[in-house]
Structure formats: structure tokens, C-alpha cells
Amino acid sequence: MIKSCKYFLLLTWIVLSFDCVLFGKEELAATEDKELEPTKLMQGEARWLAEALHRAHYSKVSVEKVDKKEFLKTYMNRLDRQRLYFLESDHEGYLKTFLPTIGTYLEQGNLFPGFRIYNDYKSKALIRLSWVIARLQKDFDLNVDATFVPDREKIPWPKDEKEADEIWEKRLTYEMLAEVLTQIDLGGDENSTEVENKTLLPDAEKLAEFTKEARGRITKRYERWDKNIREFEASDVQEMYLTTLSQMFDPHTTFLNIKERDRFNQSMHNTFVGIGAVLTDEDGFCTIKELLPGGPAEACRELEPEDVILKVAQADGDFVEVVNMKLIKIVELIKGPKDTVVRLFIKPGKNPSDRNTVSITRDRIKLTANLASASIREVPAPEGDRTYPIGVIELPSFYGAAPGEAKAKATDDLEELIGKLKDLGAEGIVLDLRRNGGGFLSEAVSLAGLFISRGPVVQVKSTDGKIRKKFDFNPKIAWEGPLALLVSRYSASASEIVAGALQNHKRALIIGDKATHGKGTVQSMIEMNAPNLYALKNDKRSAAKITIQKYYLPSGTSTQNVGVIADVPMPSINEFLPIGEADLPHAMKWDEIPGVNYRRPAEEFRIRPEESKQLLETSLKRQREKEEFAYLRKNVDWYKGKRDQKEFSLNLAKRLEQKTKDEDFTKELNEEMTELAAKTFPARQVRLDVVRSQDRRSREVRGEKVEEEGVAEKMEPPTNLDIRLHESLRIVSDWILLREEASKVAKSVEGAEKKS
Numbered sequence: 004m005i006k007s008c009k010y011f012l013l014l015t016w017i018v019l020s021f022d023c024v025l026f027g028k029e030e031l032a033a034t035e036d037k038e039l040e041p042t043k044l045m046q047g048e049a050r051w052l053a054e055a056l057h058r059a060h061y062s063k064v065s066v067e068k069v070d071k072k073e074f075l076k077t078y079m080n081r082l083d084r085q086r087l088y089f090l091e092s093d094h095e096g097y098l099k100t101f102l103p104t105i106g107t108y109l110e111q112g113n114l115f116p117g118f119r120i121y122n123d124y125k126s127k128a129l130i131r132l133s134w135v136i137a138r139l140q141k142d143f144d145l146n147v148d149a150t151f152v153p154d155r156e157k158i159p160w161p162k163d164e165k166e167a168d169e170i171w172e173k174r175l176t177y178e179m180l181a182e183v184l185t186q187i188d189l190g191g192d193e194n195s196t197e198v199e200n201k202t203l204l205p206d207a208e209k210l211a212e213f214t215k216e217a218r219g220r221i222t223k224r225y226e227r228w229d230k231n232i233r234e235f236e237a238s239d240v241q242e243m244y245l246t247t248l249s250q251m252f253d254p255h256t257t258f259l260n261i262k263e264r265d266r267f268n269q270s271m272h273n274t275f276v277g278i279g280a281v282l283t284d285e286d287g288f289c290t291i292k293e294l295l296p297g298g299p300a301e302a303c304r305e306l307e308p309e310d311v312i313l314k315v316a317q318a319d320g321d322f323v324e325v326v327n328m329k330l331i332k333i334v335e336l337i338k339g340p341k342d343t344v345v346r347l348f349i350k351p352g353k354n355p356s357d358r359n360t361v362s363i364t365r366d367r368i369k370l371t372a373n374l375a376s377a378s379i380r381e382v383p384a385p386e387g388d389r390t391y392p393i394g395v396i397e398l399p400s401f402y403g404a405a406p407g408e409a410k411a412k413a414t415d416d417l418e419e420l421i422g423k424l425k426d427l428g429a430e431g432i433v434l435d436l437r438r439n440g441g442g443f444l445s446e447a448v449s450l451a452g453l454f455i456s457r458g459p460v461v462q463v464k465s466t467d468g469k470i471r472k473k474f475d476f477n478p479k480i481a482w483e484g485p486l487a488l489l490v491s492r493y494s495a496s497a498s499e500i501v502a503g504a505l506q507n508h509k510r511a512l513i514i515g516d517k518a519t520h521g522k523g524t525v526q527s528m529i530e531m532n533a534p535n536l537y538a539l540k541n542d543k544r545s546a547a548k549i550t551i552q553k554y555y556l557p558s559g560t561s562t563q564n565v566g567v568i569a570d571v572p573m574p575s576i577n578e579f580l581p582i583g584e585a586d587l588p589h590a591m592k593w594d595e596i597p598g599v600n601y602r603r604p605a606e607e608f609r610i611r612p613e614e615s616k617q618l619l620e621t622s623l624k625r626q627r628e629k630e631e632f633a634y635l636r637k638n639v640d641w642y643k644g645k646r647d648q649k650e651f652s653l654n655l656a657k658r659l660e661q662k663t664k665d666e667d668f669t670k671e672l673n674e675e676m677t678e679l680a681a682k683t684f685p686a687r688q689v690r691l692d693v694v695r696s697q698d699r700r701s702r703e704v705r706g707e708k709v710e711e712e713g714v715a716e717k718m719e720p721p722t723n724l725d726i727r728l729h730e731s732l733r734i735v736s737d738w739i740l741l742r743e744e745a746s747k748v749a750k751s752v753e754g755a756e757k758k759s
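My numbering puts the last residue of the sequence shown at 759; the count rises by one with no breaks.
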């Protein structure tokens, strides 16, 4: 099971937001940029992908069977998601031109339709962008009695240029209003009353000042978009077009060109080779935002956050100027093989008049921020006569060891943290999977095995109909006590395997959103293996992440679309958001297969039905009565109302009135949360050895005091209240008490039987 990457340190990916790039008649010179064309390699990769999808995908469907009309429409949507630059006539024209032949193009690996549509888009976008920048220099009426729908994803394309101009007039007015509103301080004059402050609009002079600032911000934003579009490369078009094709089979099948595959591998292994810096683009200047603890960039002690990289050189090679260069290209220059040298020509942030050359030896960087982490909480017993130490482990993904590494897998890290929590006297554990989108299937199986002696974890069905049962055969159990899994609609894939398996085994209580994400499919990374496509010296290949199997719980039930149902649900805005598997286009269907017959040892820990029922009832009672849940319901209702709002006024007075209400409500919520924060259970952080080691190395290179081995982290005062985690800890506390009482009763009965 493979998840999509979420965040990359060092590899700061520029997301090209095509939603706000525009089309018009002015500045025809903007289209003089050279049109992008596919290479022969790309065409060969496209042919390979078409064959791989047919042979390897679970559905065994040829690209010839793809809904061509929907495919073309989906590709246009990816370029023009907000329906702002293409016209309805463009849509109809592409259908007329390409529908008869698109199937043949796809089978032959001919990327002409994708590049033709993209180049048309680019031309229209750059023309419209010039129109927008010119329009921004003129005045805007912020007092009109009109509305605008900013989310146009499901609205038809404009019928003609006139309608497109009208849409953009409203859109730019909407953006101007938003920027002006951010500058209006509702606090106002200290000597005026609160009511007066909130109802007074800015005077003409102040409004002109705000409008000028807004115009500058928006213009700069569109200038950056212009730069992004011009830097879009042929490989980016190929990736977008072929991923659109692959996702016609299911949402998780994607094409990965060489660049995308490198990023994906980094996310799965939490490691990369580089200098250990987080980079960002600030108005064309590559700027260091953060130095990773213990990395080469920090260790050299010659770099600081806010330093600007002006030039990059390899070892003794010539410098390459990188000002105004695409950030991803700069990253590629800085990356390189382990133990090689890269030189950076720097403008120091603290002294911009200086220039320094810094030589750094590249090394493997461990992204410890993305590893499992833990804490131990002191949770009062229901009677308040004692506290229960309960461990919390947050697992962001089911990551695996990088090539050549024996450790650093999710299972190993979790086992290490469990051991540390046991040493600190933990009587229960909450495993937080709320933000865990999945990872390696093998890690899901072995990690579930930390909580059972042996037994089935998941069943996997291949396209040939064969069902393979994956068991945990390792009798070792890392944790035998009460275990709760905290989940959300974002908990997907491998998270659902573990949650569903432990629920089937009656080993863990599932708490959180009503159901998890609902991804019940398995993907495999298939490398392009056509030798004629690559030079022998090139060891990097593009790849396809293809759905090859569906998985089922030991009971035979699929999680596809429905997810794992919580034993103890809590209110959440997530249930109103389209973030589940069933909300994705082309999601595969739910089904089920026969369950696995298995028997767990009688002495193993498991949830008793009466315990589960009582824990649910007790929690629901708290959810009805506790003030933090009243806060949560109020928050959910407010955000739901905001989400349901489609149209927004283009009148400054009305928007200011709405802003006042929103800020009042937000202030009220913040004040309530400040009061609720006092309820947070005290926590002590528990860190992995690799994290402690990296922190020590970081302190050493900075010349700071290094903590002694084995020193426990200090107890932290409460700062905010994580309501769902807080309630999960109380549920585990209730559970511990129930087990204690049941044990007392059992001993009493046993003693009575001996006497009789």
C-alpha cells in the first residue's frame, strides 16, 4: 500500500495553481513563448504505460476502453479547474477533434492531444494574464450590489469572451475586497466605542491606501503565476496528461516521471541525500528557511535561515547563477550523491552587503520530523483518587527503511516507543492515526503483529481472483494492555488495515470520526523496464504506481468506500467534507469475500462486549454534557455553514459586516479554547533514539549544552486542548478501571469458591 507524499523538506514543490491564470485579447506577444513538445522518450514511456495499465491494473481494462469524452474533459479540468480561461467552444472543439482518434493516440503513446491542449491553454493563460495585470491598474467599484461564486469547479466554461471578461471582472473585485479586508483593523480608534469601530468604513484616503496595497499584492501574485507558467516543462505536461489517463482506472493509479518518483521515494523512506535545508522561492531568490537538525548545512556553521543562495557549483566546477531559476531546478543542482561536495555562493540574511562561498559535503538526511513520536499523559481516574499514566503514539505514515538501511521502519520505531512508555509505567496506549494516509502494506502487517501473538491481519485479492491471506506469525507481543486507535476520515489504506484487523481481533477500540477514509486497494510501484528507452548509464527510470490488488479484513469485509466504523464516534467537520474514498472519481466498488477462520489464545487480551458497550455509553454521556463537546459542536456547525456558503458579496460594507461577525465568533471560540486548555492532561514527551541522537548532534555543532543520555523529558504545561485525544484518554482510563474492577470481582469469586 502506497500513499501520496504530503510534505518534502528540501524538495519544495511549486504547485502551479492554474485556477487564477487568465485569457483575453491583449498582449499577443505573450504567446511568443516556445510551445512545448514531447520527446521520443516520453512517447516510449506513454506506450509502456498503456501496456502496463492493461497488464497490471486490477481491472485489466485496455486504454481503448477508457471513456474518451470524460478523459478529455478531466484533462481540461486539471488545467482549468475553475473554468476561467477555456471557453465552451474550446471544450466542444477538442471533443470534435480528438474523440475519434484519442484511443489510437493513447495506445501508440502519441502525446499530441495532451500537448496541443496544454499549449492552447498556455497561450490563452499568458494573454489573459497580461489583461489582468493591465486591469489591476484601473479602479474597482467596491460598493456594487453583486455577488461572486469563487468556486467554479462545477460551473460551465464561459460561452464567449464577453462572459469570460465579466467573470474576471467579478473575480478581481472579489480578490481586491479580500485584500482590502485583511488591512482593516476592526479595533479602530482607542477612544471610540466598540460598536462605532465595527460599523465605520475606512475613509476615502484610507481606502485608497488599502486599495493601492491590495493592487500591489495581487499584481505580484499574478506575476509569480506568469513566471510559473513560463517555467512549466514538457515533462510536467507529460506527467499531468498520463496521470489523468491512469486515474481514469482508479484514483490511486498514477504516472511518475523521474522527478516525481524521486520525491515519492523520499516521502516513503523519510530520507534523502542533500545538505539538509528547507528552501523557498521569495520573489525569485532561493532562500533558506530552515536548517535540518544535525544535517551538513547546520554542521558547517556557515549558513543561517534567511540566507539567499545566488549561485551553485559542483565541487571545483563553475558556478551557475540561480536567481530567478525555477526552485525545483535549484534543488536538483544542490542534491547529489552522498559524500560529494556542492558549493553555494551566499548573500547572508544578517548582512546582505556581504557575499560568502560555502562548501558542503552532501550526506544522507533523516527526516525525523516525519517519524513516529510519543508522549505519556497523567489521566485522572473517574473518581479522582489517582492518575493513570497513558501513552500516546502518533504515527504519521507506515514508512519503510531506505535502501541499505536495516532499521527506521514504522514497526521498529513503534516498538521502541512502546518499550519506553512501558518503562515509564504506561497502563494504556492511544495510537493516533488521524493524519496517517497509509504506506507500506508489509509495515501494516508487521505493526498489527505488535499487539497480537499471531493470526490473520489482511486478505489480498489479485486480479486473477486468487486470495492471499497475510498473517502475523511472530508470537512476540509488544503491548498487551488496553489499546485505543484514534482515527479520522484522513486515516487511509494501511491505517485502515491495522484498525480493521485489530477491531476484528477485538484487540483495540476504534475512536474518532464515524468512519475512516475507505481506501481498500493496494498499489505497486512498477518501474519502466524497456531498455531501449534509456541510455545504459542512466540508472533512473520513470514508473507507474498501479492498483494491482484489493484488500479485505480478516472478516472478509472490504473497507473500500465505507472505511472502518468507529466503536466510539465523536462529532467532526470531516463527515461533511468530500474527503473520503467514495467522493473520489472512479473509486472502485465495495465487495466482500469469505472470512478467515482463526482462533486466538484464550489468555490474550481482548475487549469484552460488555466493556465496549459500557465505554461507548460513558463517552456518549460525556459528549452530551461536557463543555468541550459543546464547543466542538459549535465549531463544527460554524465551519459547516461556512463551507455551505457558495456566493460572496462584492460590497465592501456587507463584507465588512460579515468579517465583524466572523471575527467576533472566532474570538469567542479562542476565549473558550483558552479556558478549556486548562483541562489538558500534563504530558511528557518520549522520543526515538534517532531523534535524540540527531538533536544531540545539532546541539553539538551549534555549541550548545548536550543533554545526558537517558534523561527524561520534562512534564509540559497545557497549551491547548485536543478534544478528541482528550476524550480518547478518558475512555482508556475508564477501560483500565473496568479491568481493575473485573479483576477484583474475579478474585473475590475465586476466593469464595476455595472457601466453599
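Just so you know, even glycine gets a beta-carbon here, dropped at the ideal spot from N, CA and C.
Across the structure, ALA681 and LYS412 are spaced so that their CA atoms are roughly 36 angstroms apart.
Shown here, TYR391 sits in a strand according to DSSP, grouped into three states. ALA53 counts as buried, since at least 16 other C-beta atoms from the protein chains shown sit within 10 angstroms of its C-beta. LEU98 is not a Cβ neighbour of LYS68, given a cutoff of 8 angstroms. A residue is called buried when at least 16 other Cβ atoms come within 10 angstroms of its Cβ; ASP692 does not meet this threshold and is exposed.
Distances from the alpha-carbon of PHE143 to those of GLU606, ASP70, LEU210 put LEU210 closest. In the structure shown, SER527 falls within a strand segment according to DSSP collapsed to helix, strand and coil.
In terms of Cβ geometry, LEU39 and TYR121 form a close pair [threshold 8 angstroms]. Taking the CA atoms as reference points, MET528 sits about 21 angstroms from PRO399.
The straight-line gap separating the alpha-carbon atoms of THR677 and ARG86 is approximately 42 angstroms.
In the three-state DSSP reduction, ASN231 falls in the helix class (H, G or I). With contacts defined as CB atoms closer than 8 angstroms, VAL361 and SER378 fail to qualify as a contacting pair. When secondary structure is reduced to three states using DSSP, SER561 falls in the strand class. Contact between ARG380 and PHE454 does not hold, since the beta-carbon distance rounds to 20 angstroms and is not under 8 angstroms. Counting only runs of 4+ residues, the alpha helix (DSSP H) found wholly inside the region 320-386 occupies 330-337, in chain order. Annotated three-state conformation of GLU208 is helix, per DSSP.
Excluding the 5 residues flanking it on each side, ASN439 has same chain C-beta neighbours closer than 8 angstroms at LEU398, PRO399, SER400, PHE401, TYR493, SER494, ALA495, ALA497, SER498, in chain order. Counting C-beta pairs closer than 8 angstroms gives three or more between the region 485-492 and the region 519-528, which meets the contact rule. In its chain, beyond the 5 residues on either side, LYS472, PHE474, PRO557, VAL599, TYR601 have a beta carbon closer than 6 angstroms to the beta carbon of PRO459. Fewer than three beta-carbon pairs drawn from the region 585-593 and the region 620-630 are found closer than 8 angstroms, and the two stretches are therefore not classed as touching.
For ARG471, the enclosing beta strand (DSSP E) has its first and last residue at 470-475. Cα atoms of ALA128 and LYS464: separation of roughly 46 angstroms, rounded to the nearest angstrom. Taking a cut-off of 8 angstroms on C-beta distances, the region 272-288 touches the region 361-377, as three or more cross pairs fall below it. With a 10 Å radius around the Cβ and a threshold of 16 neighbouring Cβ atoms, VAL334 comes out buried. Under the 8 angstroms Cβ criterion, the region 657-675 does not count as touching the region 151-164, having fewer than three qualifying pairs. In the three-state reduction of the DSSP assignment, ARG220 falls in the helix class, which pools H, G and I. In the structure shown, ILE549 falls within a strand segment according to DSSP collapsed to helix, strand and coil. Taking the Cα positions, ASN268 is about 8 angstroms away from THR274.
In the structure shown, VAL64 falls within a coil segment according to DSSP collapsed to helix, strand and coil. Your pair LEU436 and VAL689 does not check out as a contact, with CB atoms roughly 18 angstroms apart and the cut at 8 angstroms.
Taken in chain order, the complete beta strand (DSSP E) segments of 3 or more residues contained in the region 677-712 are 686-689. Within its own chain, the residues whose Cβ lies closer than 8 angstroms to the Cβ of LYS173, once the five positions on either side in sequence are excluded, are ALA149, PHE151, LEU653, listed in chain order. DSSP places THR256 outside any alpha helix (DSSP H), giving it a letter other than H or E. DSSP places PHE651 in the strand class (E or B) of the three-state scheme.
Between the alpha carbons of TYR108 and GLY117 lies a distance of about 10 angstroms. Cα atoms of HIS508 and ARG220: separation of roughly 56 angstroms, rounded to the nearest angstrom.
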